[in-house]
Each structure stands twice: as C-alpha cells, then as structure tokens.
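Engineer: Quick one: this structure, given as structure tokens, is what I'll be asking you about.
There are 2 protein chains.
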Amino acid sequence: MTAYEHLLKYDIKPSSQRIVIMDYLLNNRTHPTSNEIYNALKDDNPTLSKTTVYNTLKLFEEKGAVLNLSIDEKNAHFDGDTSDHAHLICTQCGKIVDMEITMAPKVCNDMGCEIHQTHIYMKGICGECKKVN
Amino acid sequence: MTAYEHLLKYDIKPSSQRIVIMDYLLNNRTHPTSNEIYNALKDDNPTLSKTTVYNTLKLFEEKGAVLNLSIDEKNAHFDGDTSDHAHLICTQCGKIVDMEITMAPKVCNDMGCEIHQTHIYMKGICGECKKVN
DNA sequence: TTTTAATTTGTAATCGTTACAAATTTATAA
DNA sequence: TTATAAATTTGTAACGATTACAAATTAAAA
C-alpha cells in the first residue's frame, strides 16, 4: 500500500508533507523518532519544518495510523506497522526490533475497563549485540 | 516486607531518604512520578531534594528494585511491585491501574535476543471513568 | 580523631516537545 | 476567475522533565 492510500485509509488528508513522512515510516522499519525522521527528510524537503514533523506524527497517532512506542524514556519512537507485534529495545545499542507474538496475553478485566491498545515491549540485548560479545 | 528489608534485598544501602522513598512506593500503588513522590514527601522531609528523588529512583531501577513504566510519554512512572503484571493507563483521567496477566505472551525469539524485562501496557478507559459516562 | 568515600543537595543546563502567531497553501463561494 | 474562508505549514519562543555538576553533608574507615 502506498503512503497516499494509507493516509486515505485513516481519514487523513494527504498533503505532500504527510505523504513524505508516512512514506518514510512505511519504508523504514527502524521505529524512528521525530528528530530522526526530520533529519532523514530535510535534505530532499528543504522547507520541511521540525514542528510539522511533530504535528504530523501526533495527528497520525490520533487517527490510529501509526503507533507511538513509549518504549524509550528519552524519545517517542514511531511505528508505521500497526498490526499486533511486540518490540525489544536493546539496552546496548538502543535499536528497537520487531518481535512476533505467538500467543496473545489474557488480561484480567473484571474492573470493567475498556482496552483500546495493548503494547508489549521488552528490554534486553538484540541478536546483533549478542553476536559481537 | 518493610522498605528497609526491601532495600537490603536489592543490595541498596538504606539511607533515610531511600527508606522514605521506597516506603512510599510500597504503600502507594498509584505508580507515581518522581515529582509526585517529591511533593508527597517534602512536608515530612523538609530537607529532601528533588534531585535526590530522581537519583534514588534511577538507582532503584538499576538495582531492579522498582520498575520504570514508560507507559506515559510525558513522565516516568514508578512501580514498587516488580512482579509480573500489566498496566492500563486511562486516557480520560490519566490514572494507571494494575491488571493481572493470566497468560504470559510467547514472543518469537529466533533472532537470539536476550530478554531481561517484559512490559505489557494498555491504553483505554478505566473502570471508574466508564461508570461516570 | 583524621581521612576518605558515599550520599545528598541546589542551581544551572539540556533537550524533546509544544504553544503560538504569522505565512503559506488549499478549498469554497460568489 | 476572483474573493474569502479554512486548513496546513513554518519558525521562534517557551515549557518542563530530567540530568550535570560541584559544593555541602553524612557515613565509614583508618
């Protein structure tokens, strides 16, 4: 699916900035921060503003088009893949990698809560860092 | 278990500040922020410094004596209960409530990752807010 | 004691994020 | 098309949680 189609699917008017940002998220599975997205895009989009990247990601999140991973205390990381999967943040290199969930966790819900989103994340050492050491 | 014993268990030298902070965490299951802890304690502990609360919580986290919940993008919340359980943050009132996990999630690990901590958190509406509306 | 190490404290700095208002672009109406 | 309104983008300034740092205090060791 193109970024353009993805935006329409989530009821977001596809401006050129929004397309470029969504396109980056869909094609870079690195769970980037706002700043990383801005730095990656600014050369090809010289008029792009950092504020626009922040605003746009907030809009995407509100519309459900991206996930805001609060896995890292320092920065918000974003994921264009909104399907069910878990994340591991490597405490050595800081990379965030996707992990497949093979069994959904059952959570006791007798308090009458209404669950909208479930996040699973892990802290540990990623495969690459393990190989090196 | 007293705060004092809890500290010893995690190999933390029990200074008076550390005891007071750990005691608050063990007896208040509200998942407070650093600031909330500081504000709750400062009247009875007039010389307590905000920096000490931050430093102490970081130490607790490193020693594994508390969990740092990065469930909320704005502030770090701390949990003195390090046993396996999930959290729900209410998108209406902001409260964080404990939830019991009845089935542990199985996460695909064929990349050779080493998992140290697993966090599960949900976003939604808590029971109290549901009752009101 | 005296000396050293550990802990605590207050202030200042850092930095990710947001508020705000102006500028620009896009949509709508005449 | 042109005029007007609405939406979006932009840059700057402010905010606020957290941390760096060095001095002050406390605890431990000699």
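In the order they appear, the protein sequences are chains A and B.
Numbering of the first sequence is given in the numbering used here, commencing with residue 4 and proceeding in unit increments.
Numbering of the second sequence is given in the numbering used here, commencing with residue 4 and proceeding in unit increments.
Beta carbons: idealized from backbone N, C-alpha and C, even for Gly.
Does the beta carbon of Met-4(A) come closer than 8 Å to any beta carbon on chain B?
Structural biologist: no
Engineer: Just to check my reading of the structure: Arg-21(B) and Leu-10(B) have Cβ atoms closer than 8 Å, yes? What is that Cβ distance to the nearest angstrom?
Structural biologist: 6 Å
Engineer: Leu-60(A) lies in the alpha helix (DSSP H); which residues open and close that run?
Structural biologist: 53 to 66
Engineer: Can we say the segment 80 to 88 of chain A touches the segment 15 to 34 of chain A, given the rule of at least three CB pairs closer than 8 Å?
Structural biologist: yes
Engineer: Identify the continuous alpha helix (DSSP H) that holds Glu-39(B) and give its terminal residues.
Structural biologist: 37 to 44
Engineer: Should Ala-107(B) go down as buried or exposed, given a rule of 16 or more other Cβ atoms within 10 Å for buried?
Structural biologist: Ala-107(B) sits exposed, since fewer than 16 C-beta atoms from the chains shown fall within 10 Å of its C-beta.
Engineer: Is the beta carbon of His-34(A) less than 8 Å from the beta carbon of Leu-72(A)?
Structural biologist: yes
Engineer: So, using beta-carbon positions, are Ile-128(B) and Gln-95(B) closer together than 8 Å?
Structural biologist: yes
Engineer: Can a CB atom of chain A be found closer than 8 Å to the CB of Glu-39(B)?
Structural biologist: no
Engineer: What would DSSP say about Tyr-13(A), mapped onto helix, strand or coil?
Structural biologist: coil
Engineer: Assuming Ser-37(A) and Leu-60(A) form a contact by the criterion Cβ under 8 Å, report the distance between their Cβ atoms to the nearest whole angstrom.
Structural biologist: 6 Å
Engineer: Between which two residues does the beta strand (DSSP E) carrying Asp-82(A) extend?
Structural biologist: 80 to 82
Engineer: Could you list the residues in the segment 68 to 87 of chain B with a C-beta less than 8 Å from some C-beta on chain A, going in chain order?
Structural biologist: Asn-71, Ser-73, Ile-74, Asp-75, Glu-76 and Ala-79
Engineer: Comparing C-alpha positions only, which one of Leu-70(A), Ile-24(A) and Lys-66(A) sits nearest to Thr-54(A)?
Structural biologist: Ranking the options by Cα distance to Thr-54(A), first place goes to Ile-24(A).
Engineer: Count the other CB atoms within 10 Å of the CB of Thr-121(B); is the residue buried (16 or more) or exposed (fewer)?
Structural biologist: buried
Engineer: Quick one: Cα of Glu-64(B) to Cα of Leu-70(B), how far?
Structural biologist: 6 Å
Engineer: Let me confirm a value: Met-4(A) is counted as buried when at least 16 other C-beta atoms fall within 10 Å, else exposed. Which label applies?
Structural biologist: Exposed: under 16 other Cβ atoms inside 10 Å.
Engineer: Distance cutoff 8 Å, beta carbons only. Does Glu-65(A) sit that close to anything in chain B?
Structural biologist: no
Engineer: Can you name the residues that DSSP bridges to Gln-120(A)?
Structural biologist: Lys-126(B)
Engineer: Suppose the cutoff is 7 Å on Cβ atoms and the five residues either side in sequence are ignored; what does the same chain contact list for Asn-48(B) look like?
Structural biologist: Val-23
Engineer: Note down, in chain order, each residue of its chain lying with its Cβ closer than 8 Å to the Cβ of Glu-39(A), except the 5 sequence neighbours on either side.
Structural biologist: Thr-33
Engineer: Applying the 10 Å Cβ sphere with the 16-neighbour rule, what's the burial state of Cys-116(B)?
Structural biologist: buried
Engineer: Relative to chain B, which residues along the segment 108 to 130 of chain A have a C-beta separation below 8 Å, given in chain order?
Structural biologist: Pro-108, Lys-109, Val-110, Cys-111, Asn-112, Met-114, Gly-115, Cys-116, Glu-117, Ile-118, His-119, Gln-120, Thr-121, His-122, Ile-123, Tyr-124, Met-125, Lys-126, Gly-127, Ile-128, Cys-129 and Gly-130
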